[in-house]
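One structure is given below, encoded as structure tokens.
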Amino acid sequence: MNFPSKLIEDAVTEISRLPGIGKKTALRLALHLLKQHEANTEALALAITRMRTEIQYCKTCHNISDAEECSICISHRRDGAILCVVEDIRDVLAIENTNQFQGKYHVLGGVISPIQGIGPEELKIESLLSRVEVASQSEPIQEVILALSATMEGDTTSFYLAKKLKEKGIRVSSIARGIPVGGELEFTDEVTLGRSIMTRINYSTE
């Protein structure tokens, strides 16, 4: 791709580093930014810089936060007795967007993957276990929901966590896995279909 300006080329190169953005899309974005008022592009640059340099990780749950503790952990409206364990910060955002969960979270920062050299020590597992122990003295955690990816690594991590948590007398559950709304059986993979049958529930007519 030929560029009329080295500055445009540099901008396209950096923008195309973002996931899902190719050179053509990056060029469109760069040209769009070029046409904007200087104040707008400066505001964008400042927002990105501040996001990168000022965002913290919650000392309790490891979610992103503007302060030492995130808004979810310090909220008195959230149910501290229920903890949802997720793999990544994006999973917290996804669950929050459902408006169905009113408990609190714990972000592991990944899953156990021997192939990639990721063991329990590389994840926020020890802080989870410590959190459960400390909470038992003030606001006991009664249930931990494992909301990890439906992969071999996710299942391995869930099994490891369930064993550790049950040793501490904590009720452990996992999110249901099944056929998505609007999904047709013939296009559903065998593992998902099999799990949906094994984890079937009573049909309510109420």
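Under full-length UniProt numbering, think of the first position of the sequence shown as 1, with each following residue one higher.
From the three backbone atoms N, C-alpha and C, an ideal C-beta is built for every residue, glycine too.
The structure displayed is predicted, hence computed values, not measured ones.
For secondary structure counted as the alpha helix (DSSP H) over 4 or more consecutive residues, the stretch 27-93 holds these complete runs in sequence order: 38-54 and 71-74. In this structure, Ile-145 lies near Ser-173, with their beta-carbon atoms less than 7 Å apart. DSSP places Val-12 inside the alpha helix (DSSP H), whose first and last residues are 6-15. Taking 7 Å as the cut-off, the beta carbon of Thr-188 is found no closer than this to the beta carbon of Ile-175. Under the three-state reduction of DSSP, Gly-103 is assigned to strand. The beta-carbon separation of Leu-129 and Leu-108, rounded to 12 Å, does not stay under the 8 Å limit for a contact. Glu-126 is the residue among Lys-163, Glu-126, Thr-192 and Ser-149 whose C-alpha sits nearest the C-alpha of Cys-61. In the displayed model, Ile-197 falls within a helix according to three-state DSSP. Of the residues Ile-55, Leu-165, Thr-98 and Asp-79, the one whose Cα lies closest to the Cα of Glu-69 is Ile-55. The alpha carbon of Gln-137 has as its nearest neighbour, out of Gly-80, Asn-97 and Arg-177, the alpha carbon of Gly-80. Taking all protein chains shown into account, Ser-65 has 16 or more neighbouring C-beta atoms within 10 Å of its C-beta and is therefore buried.
Look at Ser-130 here: in three-state DSSP terms it is helix. Taking the C-beta atoms as reference points, Glu-87 is found no nearer than 7 Å to Ser-16. Boundaries of the alpha helix (DSSP H) harbouring Ala-162: 152-166, taken from the DSSP string. Here the C-alpha atom of His-32 lies approximately 52 Å from the C-alpha atom of Pro-140. In the DSSP assignment, Ala-147 falls within the beta strand (DSSP E) that extends over 143-147. The criterion of a C-beta distance shorter than 7 Å is not satisfied by Ile-21 and Asn-63.
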